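Participant:
Number of protein chains: 2
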Amino acid sequence: MIQTVEWTDSGVRFIDQTKLPTEEVYVTCKTHEQVADVIRNMVVRGAPAIGVSAAMGIALGVKNSNAETAGDLKRDLDNICDLIGKTRPTAVNLFWAIRRMKDKFENLRLRPLQQIKQSLIEEAKRMHAEDIAANQAMGRHGAALMPANGGVLTHCNAGGLATCGYGTALGVIRAAVEQGKKIHVFADETRPFLQGSRLTAWELVKDGIPTTVISDNMAGAMMKQGKIGAIVVGADRIAANGDVANKIGTYTVAVLAKEHGIPFYVAAPFSTIDLETTDGSGIPIEQRNSREVTHIAGKQMTPDGVEIENPAFDVTPAKYVSAIITERGIARAPYGETLQNLAGAAVAG
Amino acid sequence: MIQTVEWTDSGVRFIDQTKLPTEEVYVTCKTHEQVADVIRNMVVRGAPAIGVSAAMGIALGVKNSNAETAGDLKRDLDNICDLIGKTRPTAVNLFWAIRRMKDKFENLRLRPLQQIKQSLIEEAKRMHAEDIAANQAMGRHGAALMPANGGVLTHCNAGGLATCGYGTALGVIRAAVEQGKKIHVFADETRPFLQGSRLTAWELVKDGIPTTVISDNMAGAMMKQGKIGAIVVGADRIAANGDVANKIGTYTVAVLAKEHGIPFYVAAPFSTIDLETTDGSGIPIEQRNSREVTHIAGKQMTPDGVEIENPAFDVTPAKYVSAIITERGIARAPYGETLQNLAGAAVAG
Numbered sequence: 009m010i011q012t013v014e015w016t017d018s019g020v021r022f023i024d025q026t027k028l029p030t031e032e033v034y035v036t037c038k039t040h041e042q043v044a045d046v047i048r049n050m051v052v053r054g055a056p057a058i059g060v061s062a063a064m065g066i067a068l069g070v071k072n073s074n075a076e077t078a079g080d081l082k083r084d085l086d087n088i089c090d091l092i093g094k095t096r097p098t099a100v101n102l103f104w105a106i107r108r109m110k111d112k113f114e115n116l117r118l119r120p121l122q123q124i125k126q127s128l129i130e131e132a133k134r135m136h137a138e139d140i141a142a143n144q145a146m147g148r149h150g151a152a153l154m155p156a157n158g159g160v161l162t163h164c165n166a167g168g169l170a171t172c173g174y175g176t177a178l179g180v181i182r183a184a185v186e187q188g189k190k191i192h193v194f195a196d197e198t199r200p201f202l203q204g205s206r207l208t209a210w211e212l213v214k215d216g217i218p219t220t221v222i223s224d225n226m227a228g229a230m231m232k233q234g235k236i237g238a239i240v241v242g243a244d245r246i247a248a249n250g251d252v253a254n255k256i257g258t259y260t261v262a263v264l265a266k267e268h269g270i271p272f273y274v275a276a277p278f279s280t281i282d283l284e285t286t287d288g289s290g291i292p293i294e295q296r297n298s299r300e301v302t303h304i305a306g307k308q309m310t311p312d313g314v315e316i317e318n319p320a321f322d323v324t325p326a327k328y329v330s331a332i333i334t335e336r337g338i339a340r341a342p343y344g345e346t347l348q349n350l351a352g353a354a355v356a357g
Numbered sequence: 009m010i011q012t013v014e015w016t017d018s019g020v021r022f023i024d025q026t027k028l029p030t031e032e033v034y035v036t037c038k039t040h041e042q043v044a045d046v047i048r049n050m051v052v053r054g055a056p057a058i059g060v061s062a063a064m065g066i067a068l069g070v071k072n073s074n075a076e077t078a079g080d081l082k083r084d085l086d087n088i089c090d091l092i093g094k095t096r097p098t099a100v101n102l103f104w105a106i107r108r109m110k111d112k113f114e115n116l117r118l119r120p121l122q123q124i125k126q127s128l129i130e131e132a133k134r135m136h137a138e139d140i141a142a143n144q145a146m147g148r149h150g151a152a153l154m155p156a157n158g159g160v161l162t163h164c165n166a167g168g169l170a171t172c173g174y175g176t177a178l179g180v181i182r183a184a185v186e187q188g189k190k191i192h193v194f195a196d197e198t199r200p201f202l203q204g205s206r207l208t209a210w211e212l213v214k215d216g217i218p219t220t221v222i223s224d225n226m227a228g229a230m231m232k233q234g235k236i237g238a239i240v241v242g243a244d245r246i247a248a249n250g251d252v253a254n255k256i257g258t259y260t261v262a263v264l265a266k267e268h269g270i271p272f273y274v275a276a277p278f279s280t281i282d283l284e285t286t287d288g289s290g291i292p293i294e295q296r297n298s299r300e301v302t303h304i305a306g307k308q309m310t311p312d313g314v315e316i317e318n319p320a321f322d323v324t325p326a327k328y329v330s331a332i333i334t335e336r337g338i339a340r341a342p343y344g345e346t347l348q349n350l351a352g353a354a355v356a357g
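Quick mapping for you: the protein sequence lines, in order, are chains X and R. Residue numbers for the first sequence follow this note's numbering, so the first one is 9 and each next one is one higher. Residue numbers for the second sequence follow this note's numbering, so the first one is 9 and each next one is one higher.
(1) Within 9 Å of any Cβ in chain R, is that where the Cβ of Ile58 of chain X sits?
(2) At the 9 Å Cβ level, is Ile256 of chain X part of the contact set with chain R, yes or no?
(3) Below 8 Å, is the gap between the Cβ of Ala265 of chain X and the nearest heavy atom of the ligand NAD?
(4) For Pro29 of chain R and chain X, any beta-carbon pair shorter than 9 Å?
(5) Give every residue of the same chain whose Cβ lies closer than 7 Å to the Cβ of Phe201 of chain X, excluding the five residues on either side of it in the sequence, and list them in chain order.
(6) Where does Pro319 of chain R sit, in a helix, a strand or coil, going by DSSP?
(7) Please state the DSSP three-state secondary structure of Ala356 of chain X.
(8) Taking only beta carbons into account, state which residues of the region 146-176 of chain X come closer than 9 Å to chain R, listed in chain order.
(9) Using a threshold of 9 Å, state whether the C-beta atoms of Met109 of chain R and Leu81 of chain R are closer than that.
(10) Return the Cβ separation of Thr98 of chain X and Phe321 of chain X in integer angstroms, given the expectation that the two are a contact with Cβ distance under 8 Å.
(11) Can you name, in chain order, every residue of its own chain whose Cβ lies under 7 Å from the Cβ of Ile291 of chain X, other than the five neighbours on each side?
(12) Quick check on DSSP: helix, strand or coil for His40 of chain X?
(13) Tell me, please, whether the CB atom of Leu178 of chain X is closer than 9 Å to any CB atom in chain R?
(14) Here's a check: name, in chain order, each residue in its chain whose Cβ is nearer than 7 Å to the Cβ of Ala227 of chain R, leaving out the five neighbours to either side.
(15) For Arg340 of chain R, which residues of its own chain have a beta-carbon under 7 Å away from its beta-carbon, when the five flanking residues on both sides are left out?
(16) Quick one: grab the DSSP three-state call for Lys307 of chain R.
(17) In whole angstroms, what is the alpha-carbon distance linking Ala356 of chain X and Asn143 of chain X?
(18) Taking a cut of 8 Å between CB atoms, which residues from the region 299-317 of chain X lie near chain R?
(19) Quick one: list the residues of chain X neighbouring Ile222 of chain R, beta-carbon separation under 7 Å, in chain order.
(20) Give the secondary structure of Ala243 of chain X by DSSP, where H, G and I count as helix, E and B as strand, and everything else as coil.
(21) Ordered along the chain, which non-local residues of its own chain (more than five positions away) have a Cβ less than 7 Å from that of Thr302 of chain R?
(22) Name, please, each residue of chain X whose Cβ falls closer than 7 Å to the Cβ of Ala227 of chain R.
(23) Quick check for students: name the residue ranges of the alpha helix (DSSP H) that lie wholly in the region 71-107 of chain R, counting only runs of 4 or more.
(24) Indicate whether at least one CB of chain R lies closer than 9 Å to the CB of Met64 of chain X.
(25) Short of 8 Å in beta carbon distance, which residues of its chain neighbour Met230 of chain X, apart from the five on each side in sequence? Order them along the chain.
(26) Please determine, among X:Gln233, X:Arg107, X:Thr30, the residue with the shortest C-alpha to C-alpha distance to Ala67 of chain X.
(27) Give every residue of the same chain whose Cβ lies closer than 6 Å to the Cβ of Gly179 of chain X, excluding the five residues on either side of it in the sequence, and list them in chain order.
(28) Between Thr12 of chain X and Gly54 of chain X, is the Cβ-Cβ spacing less than 9 Å?
(29) What runs of the beta strand (DSSP E), each 3 residues or longer, lie entirely inside the region 145-177 of chain X?
(30) Is the CB-CB distance between Asp367 of chain X and Thr171 of chain X below 9 Å?
(31) Between the region 196-210 of chain R and chain X, which residues of the former have CB atoms less than 8 Å from a CB of the latter, in chain order?
(32) Got a sec? Which residues, its chain only, sit under 6 Å from Glu131 of chain R by beta carbon, not counting five neighbours each side?
(33) Here's a check: name, in chain order, each residue in its chain whose Cβ is nearer than 7 Å to the Cβ of His163 of chain X, leaving out the five neighbours to either side.
What follows is the structure, encoded as structure tokens:
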């Protein structure tokens, strides 16, 4: 399994996703500031991976703290969380991870500092293990929705590289393939950051799953030609009503799916579901640097003086979503009810 | 006006569209083989520009011929046309240009060779002038369809660079702007060849028309946000029933337009309408080299071993097309009738 993010004795270690698919390089962060940079610069990306990376960054920062009282350590924790919380606004897993680490701290507040530090490290490592288990559970639930034989389109990377391993959308595909289903993946290249061509294709080729990379604008033609039997994508945040924020272009894929009568599935751990946000209009959409659009591989592709839009995400209204696959089971419309029901459920096996 | 393709005393001169937007470089072809290469390698592209470039390439090849009889010159003409006809299969303007040059030759067959050669050069130059006039007529007809104030999305480049100047889709936008309409253009970057970011943005910025470049996969989000009031694109071939072959991704834009209730217009000279092809299924779709998808600016973006699709065009069924804007007037559904009617019409002023 790919080691997307890992706690090591010398720091938090990441596979550098900006270097894939041609170079497999790892970076080890020794401070929480370095972890924040790594999240901001998309060395690590994908909502679940961002959540666990944040937790490990917080654990690292607390471990490095020189505080001598619980009060001082709490102040350091708050500063660390503030810095890490400012890296990527859309991924709700980031805030879920911060909340969980803060809650853990509160529960330990009266213990010796060394024990608090060690427990926070263990909590981050536990979140890492839980993430992989959640992906595998999603895979078991979602595999039944995949065609026995046919093309499955995915957008961006919701794979092992977007999580701690196995993947959400790609976890569903992996589980279906493990069950003997004959799936051919169509991976949208996913401009501007090319997570599809660089990351999804890399990890699927590594696993021997047949994969075709297409430009984003070819998805409609592939559907019209009957090459796509299902669509499965990940999510960066899901509102209480089932509206899904995910990588820019997901909404376009969802509209195309509707037009062609192809099911459109979202696979995400429960930590991606934000029951406090009523609908998609309340999800902040990160605008990234226009240089991601204007320059590719260092080469300028647009004339000076042109304007650029670069929203990192879009919102797909719940009405386009055939089902949401979580580790607790599958939710279908009306999501306002079914997501609430899952919130009360234990993790299904 | 941009000199996309031009007859000069030293050969056929092209602006090298592979070098834009950062370098404005011109190449002069001295043989028809060079013209064929220039079309194949997309130094010149865009269906109307391909048509006129082909005519000029034929005129150049015939001019260079050492034939001493009309029979030998005819054999040379056929060989030249065969070579040029194999460059880009989808653009019907290419075959229209070849047909027109061959017909011209037949009409001149009994004349002195020098006169035949001169007349073919004049015919190619006439097609160049007619193309610009057709674009300007399309602009006059189409401008009324543009919003008085708002965003207009276009895909690929159907501008001065796709024609002999002024443009088809961008000609409509230019005419609307000249009438005082306040238009902000959204240009899909148009992977894999980036005609939108490199060419459309370049020529619109040159003209001072406000333009925003977006990744192809942002079009849906822009429409949902209410930023797009109309869509206008070009065409590489239009079948008798109104099905439109155009740059890959056009179909996706058309589906999005329907979902959002935004009018979707196609602007093309009558030479793009192929009344001998019943519907879109009869249009050959060129597959281009997979390297256009795998490498950008020389950098490998996909892992070794992955499959690639790279159709240069897709077909948008007539039911998605709000109107087809030609130099002879505007056609609306049912296109089977209205395109036939235009075929019988004179060029409208």
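Positions of the beta carbon are idealized from the N, C-alpha and C atoms, including for glycine. Nothing here was measured: the structure is a model prediction, and the numbers come from that model.
Facilitator: For this structure:
(1) no
(2) yes
(3) Because no ligand of any kind appears in the structure shown, any question about the ligand NAD cannot be addressed here.
(4) yes
(5) Met50, Glu300
(6) strand
(7) In this predicted model, Ala356 of chain X has a pLDDT of only 46, less than 50, meaning its place in the structure is not dependable enough to derive any value.
(8) His163
(9) no
(10) 5 Å
(11) Thr98, Arg245, Ala247, Ala253, Thr285, Val323
(12) helix
(13) no
(14) Leu161, Asp196, Val261, Leu264
(15) Ala331, Thr346
(16) strand
(17) Bear in mind that a pLDDT of 46 at Ala356 of chain X, under 50, signals an unreliable position, so the number given afterwards is only what the model happens to contain. Approximately 12 Å, taken between the alpha carbons.
(18) Val301, Thr302, Ile304, Ala305, Gly306, Lys307, Gln308, Met309, Thr310, Pro311, Asp312, Gly313, Val314, Glu315, Ile316, Glu317
(19) Glu317
(20) coil
(21) Gln308, Met309, Thr310, Ile316
(22) Thr260
(23) 78-93
(24) no
(25) Gly159, Leu161, Phe194, Ile222, Ile236
(26) X:Arg107
(27) Asn143, Met146, Gly147
(28) yes
(29) 157-162
(30) Nothing about residue 367 of chain X can be reported from this structure: the residues present for chain X run from 9 to 357 only.
(31) Asp196, Glu197, Thr198, Arg199, Pro200, Leu202, Ser205, Arg206, Ala209, Trp210
(32) Lys112
(33) Asp196, Thr198, Gly204, Val241, Lys255, Gly257, Thr258, Val261
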